[in-house]
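Inspection log for the structure reproduced underneath, given as structure tokens.
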Amino acid sequence: MTSAAARAALDLTADLPVPELEDFYRDLHRHPELSFREHRTAARLAARVRAAGFETAEGVGGTGIVGVLRNGAGPTVLLRADMDALPVTERTGLAYASLTDGVMHACGHDLHVTWLAGAAAALAAGRDAWSGTLVVVGQPAEESGGGAAAMVANGLYDRFPRPDVLLGQHVAPGPVGGIAHVPGLIMSATTDVEIVVHGRGGHGSRPETTVDPVVTAAFLVTRLQTVVSRELAPREQAVLTVGRIEAGTAANVIPATARIDLNLRTQSEEVRDRMLAAIRRMAAGECLAAGCPREPEITLGAAYPVTVNDAETDRRVSDVHRGVFGAGAVFDPGPAMGSEDFPHLAEGKLPYSYWFVTSTPPAVWDAAPGDDPLSRSQHVPSNHSPHFAPDPATVPTGVRTLVSGALSQLSVP
Ligand code: ZN
Ligand code: ZN
């Protein structure tokens, strides 16, 4: 069964300018920009959205762009793409690899921008097929800094129409062309925590005159491994990763402090709060055991909430995706431990659907060890890897998922 929205989507995307969109994608990939510095990317996206016929504003929440297309009575639908790259040195060997040292589109936000530009153009050109209002958002700083919150704080919904529904999509590892939908919790909450251990510095030859924060921090890193394994129930999915540990300046100097940066992924506030309590208790306990002169300092850093799809909104989007791509393309992978600041655009109350488009090139996927998709997906380059190289064949796929997703929410006669 093909719905009116799916038929309209197939019609509107029948003649996508695929080579031109692929060129745009490769250009973005060559020129990655870090969070809140997406000037070139934002300008190019804004130019395309403006040329498609949207009223377009730049510099929203830093480097964000907003395009509005009013097209008669009907719902207001917001389509979002994040634009920032990562401080990763690219190792893909692609002909269109990053030209900027140490910066790479390792999360595929260049694809997201391409998808949004392509969808905006297709929906504007096919505006006779639908009615309502489209708001397209190029969001800065998803990876760090909270670009979504910055756009809302900068008057996103005062200056531009407030959406009835929001749609977002992300590229992910998996056989090219799959679409992952979850009708509820799809991504986890993330919380950064910084711990500073205060010891007493001194000469490396006279440890008895010091309190060594390096040893204390090492014990603490080890003990922190028991937060998930020993304090949470197996059904309470969570991750605690110590991603950074820093102390000292020379081999023969015992430093005065050591710093640990860790990241939590949780699927409920309650588990997050219990983990934070355990972290505080363990840090205090290790410092007490070592005889530290001061209690450890614990500071909460960036935090993103859980991403929970509105079941009815997501059902309408996944239905239209089945209509456009076939039932076999759509699957439910369950919640992921990754996180997003997309929910900040929803302000905790607007309904949304967020899905993944899988993009591993067939040759890479087929060569990966394992018999089932789950084990293979653990052996192919994932987001944030220096080897992450989505198949450009997903350029038209992501335009179609976004066009059809929008049409599933707009008025289509
Ligand atoms: Zn990322
Ligand atoms: Zn991302």
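One rule links them: number in my numbering = place in the sequence shown (from 1) + 11.
Built from N, CA and C at the ideal position, the CB exists for glycine as well.
Cβ-heavy atom distance, residue i to ligand 2, below 8 Å
i, result
"residue 355", "no"
"residue 93", "yes"
"residue 416", "no"
"residue 119", "yes"
"residue 398", "no"
"residue 42", "no"
"residue 192", "no"
"residue 50", "no"
"residue 332", "no"
"residue 181", "yes"
Sequence-distant residues of the same chain with beta carbon closer than 8 Å to residue i, five excluded per side
i, result
"residue 12", "Below a pLDDT of 50, predicted positions are generally treated as unreliable, and residue 12, at 49, falls in that range; no measurement from the model is reported."
"residue 216", "263"
"residue 123", "92, 93, 94, 180, 181, 182 and 409"
"residue 243", "249, 282, 285 and 286"
"residue 390", "379, 380 and 381"
Check: residue i C-beta below 8 Å from any heavy atom of ligand 1
i, result
"residue 298", "no"
"residue 153", "yes"
"residue 39", "no"
"residue 395", "yes"
"residue 231", "no"
"residue 122", "no"
"residue 303", "no"
"residue 97", "yes"
Cut-off 6 Å between Cβ atoms - residues of its own chain near residue i, not counting five sequence neighbours on either side
i, result
"residue 144", "81, 87 and 172"
"residue 20", "335, 414, 415 and 418"
"residue 270", "207 and 257"
"residue 232", "253"
"residue 25", "none"
"residue 234", "293"
"residue 399", "117 and 392"
"residue 46", "95, 152, 154, 155 and 156"
Own chain, CB closer than 7 Å to residue i, minus 5 neighbours either side, in chain order
i, result
"residue 218", "265"
"residue 320", "193, 194, 195, 197, 363, 364 and 365"
For residue i, the residue or residues it bridges with in DSSP
i, result
"residue 357", "Paired residue(s): none; residue 357 is not in a bridge."
"residue 82", "143"
"residue 420", "Its beta-bridge partners do not exist; DSSP assigns none."
"residue 271", "206 and 256"
"residue 94", "Its beta-bridge partners do not exist; DSSP assigns none."
"residue 214", "264"
"residue 198", "318 and 347"
"residue 182", "368"
"residue 149", "76 and 92"
"residue 9", "Here the chain covers residues 12 to 424 and nothing more, so residue 9 does not appear."
"residue 290", "BP columns for residue 290 are empty, so no partner."
"residue 311", "204"
"residue 276", "201 and 250"
Interface flag, residue i vs chain D, CB-CB below 9 Å
i, result
"residue 387", "Chain labels in this structure do not include chain D; a single protein chain is all it has."
Practice task
For the stretch 184-194 and the stretch 320-335, state whether three or more C-beta atom pairs, one from each stretch, are separated by less than 8 Å.
Solution key: yes
Problem - contact_flag[the stretch 87-98, the stretch 110-117] where n(CB pairs < 8 Å) is 3 or more - result: yes
Exercise for the section: Assess, as a yes-or-no matter, whether the stretch 288-304 is touched by the stretch 371-380 under the definition of 3 or more beta carbon pairs within less than 8 Å. Expected result: no
Practice task
Would you check if there are 3 or more beta carbon pairs closer than 8 Å linking the stretch 31-38 to the stretch 144-164?
Solution key: no
Exercise for the section: Would you check if the stretch 150-170 and the stretch 128-137 touch, i.e. whether three or more CB-CB distances between them fall below 8 Å? Expected result: no
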